[in-house]
Amino acid sequence: MSRPAGRFAPSPTGPLHAGSLVAALASWLDARALNGRWLVRIEDVDTPRCVAGVDALILAQLAACGLHPDEPVVWQSQRGAAYLAALQQLQQRGMVFPCACSRRDIEAAWETIGQVRTRHGELVYPGTCRLGLQGQPARAQRLRCVHADGSDVIVGWTDRRLGPQTQNVTQAIGDFVLQRADGLWAYQLAVVVDDAAQGITHVVRGEDIADNTARQIHLQRQLGLPTPQYLHTPLVLAADGQKLSKQNGASAFDSRDPLAALRTAGAVLGIKAHGGTVADWLASAVQSWAAMFVPTISRATAQPLVR
Ligand code: GLU
1 MSRPAGRFAP
11 SPTGPLHAGS
21 LVAALASWLD
31 ARALNGRWLV
41 RIEDVDTPRC
51 VAGVDALILA
61 QLAACGLHPD
71 EPVVWQSQRG
81 AAYLAALQQL
91 QQRGMVFPCA
101 CSRRDIEAAW
111 ETIGQVRTRH
121 GELVYPGTCR
131 LGLQGQPARA
141 QRLRCVHADG
151 SDVIVGWTDR
161 RLGPQTQNVT
171 QAIGDFVLQR
181 ADGLWAYQLA
191 VVVDDAAQGI
201 THVVRGEDIA
211 DNTARQIHLQ
221 RQLGLPTPQY
231 LHTPLVLAAD
241 GQKLSKQNGA
251 SAFDSRDPLA
261 ALRTAGAVLG
271 IKAHGGTVAD
281 WLASAVQSWA
291 AMFVPTISRA
301 TAQPLVR
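In terms of our numbering, the sequence shown opens at residue 1 and continues consecutively.
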């Protein structure tokens with residue numbers, strides 16, 4: 001069996017805050033508890049949302065907390081050839097179709113049958129361009145999200161923290177975008193290609209992304225790639241009850257006091273650790289994480305490796 005590997009995959013849209021540090025710490029603790037590799041991947045495919053220099057800032061914040069990647073950092077903006085190869089593999093099997101619909105077109109298609117978009121609700125693709133573009137220019141590339149026999153794509157998996165999960169991807173999401181109208185690669189395709197290329201066996205990330213997992217597992221199956229294990233961490237909520245984010249005022253954690261930031265992140269995860277230095281606290285936290293999330297059998301070879 002290949003050595004376990006986990007990753008932290010921030011989008012460089014802003015510095016790490018109390019919420020994103022939870023995901024970073026959890027993925028690191030998990031990799032260490034499994035005696036595996038821990039990698040960092042900068043997810044900078046959505047270039048209009050990326051902020052110059054934030055990638056370096058994030059890496060410095062991680063380093064201040066003693067979280068050092070075991071291999072060179074990967075930037076998704078350098079990985080276009082791999083995403084294109086995956087798209088072509090799916091195209092050759094007739095699983096992808098070009099789509100001319102704008103967001104407004106999709107909303108209008110639903111309005112004609114009396115469906116309205118709910119706040120934060122997914123806009124399920126109504127299948128408009130599945131049978132052809134009707135003379136319109138192609139904007140995006142979508143994955144046909146239905147089985148060859150016409151049955152729905154239903155994906156089940158067991159989240160290591162949330163337990164059994166299932167999603168009917170056909171009904172809940174529909175044919176999803178692999179390459180956007182502006183030519184940029186969609187998160188779903190990039191993350192699946194990169195998790196496989198980096199040999200990721202254990203994905204640990206925030207619970208707000210949990211509902212992307214079924215799409216990613218479906219895509220892995222279509223591309224013949226292995227499915228990692230998933231664990232989604234609790235979210236840190238802002239005063240308004242929403243997920244902590246730049247939009248509701250989350251500020252960068254204070255990397256002059258990394259131990260305090262780690263203790264706060266650890267408390268969100270239910271970690272019971274002691275230690276007056278970053279290295280001591282991390283070594284203790286690995287044991288606490290392992291007791292919660294790593295079965296004894298996988299822990300047999302684990303060592304509290306702190307660099
Ligand atoms: N880049 C995503 C984010 O920052 C995380 C993706 C993932 O962990 O799969 O929200």
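Don't be surprised by glycine CBs; every beta carbon is placed ideally from N, CA and C.
Quick caveat: nothing in here was measured; it's all calculated off a predicted structure.
For the ligand GLU, no non-hydrogen atom lies closer than 7 Å to the CB of residue 245. Taking all protein chains shown into account, residue 171 has fewer than 16 neighbouring C-beta atoms within 10 Å of its C-beta and is therefore exposed. Residue 90 and residue 143 do touch by the CB rule: their CB atoms are close to 7 Å apart, below 8 Å.
In the structure shown, residue 133 falls within a coil segment according to DSSP collapsed to helix, strand and coil.
Annotated three-state conformation of residue 97 is strand, per DSSP. With a cutoff of 8 Å on beta-carbon distance, residue 100 and residue 133 are scored as near each other. For residue 178, the three-state secondary structure derived from DSSP is strand. Judged by DSSP in its simplified three-state form, residue 166 adopts strand. For the options 167, 30, 94, the alpha carbon positioned closest to that of residue 38 is the one of 30. Membership of residue 204 in any alpha helix (DSSP H) is not indicated; the residue belongs instead to the beta strand (DSSP E) covering 202–206. In this structure the segment 153–163 touches the segment 197–216; the number of beta carbon pairs closer than 8 Å is three or more. A distance below 8 Å separates the beta carbons of residue 189 and residue 219. Under the criterion of beta carbons closer than 8 Å, residue 194 and residue 74 qualify as touching, at roughly 7 Å.
By the neighbour-count definition (other C-beta atoms within 10 Å, threshold 16), residue 43 is a buried residue.
Residue 229 is bridged by DSSP to 202.
DSSP places residue 87 inside the alpha helix (DSSP H), whose first and last residues are 80–92.
Annotated three-state conformation of residue 242 is coil, per DSSP. The beta carbon of residue 168 is closer than 7 Å to those of 152, 154 in its chain, skipping five residues each way along the sequence.
Taking the C-beta atoms as reference points, residue 294 is found nearer than 8 Å to residue 34. DSSP places residue 74 in the strand class (E or B) of the three-state scheme. Residue 22 holds the alpha-carbon nearest to the alpha-carbon of residue 271 among 125, 22, 104. At least one heavy atom of the ligand GLU falls within 7 Å of the beta-carbon of residue 43. Within the chosen limit of 7 Å, the ligand GLU reaches the beta carbon of residue 11 through at least one heavy atom.
At a cut-off of 7 Å, the beta-carbon of residue 209 counts as near the ligand GLU: some heavy atom of the ligand is closer than that. For residue 191, the shortest C-beta to heavy atom distance toward the ligand GLU is below 7 Å. In the DSSP annotation of this structure, the continuous segment of the beta strand (DSSP E) that includes residue 159 starts and ends at 154–159. Straight-line spacing of the CA atoms in residue 200 and residue 109 works out to 39 Å.
The C-beta separation of residue 129 from residue 98 comes to about 7 Å, placing the pair in contact by the 8 Å criterion.
Assigned with DSSP and collapsed to three states, residue 39 falls in strand. The beta-carbon distance between residue 20 and residue 49, rounded to whole angstroms, is 15 Å. This is too long to meet the 8 Å contact definition. Residue burial is scored here from C-beta neighbours: residue 202 has at least 16 other C-beta atoms within 10 angstroms and is therefore classed as buried.
Nearest neighbour of residue 6 by Cα position, chosen from 238, 253, 296, 230, turns out to be 230.
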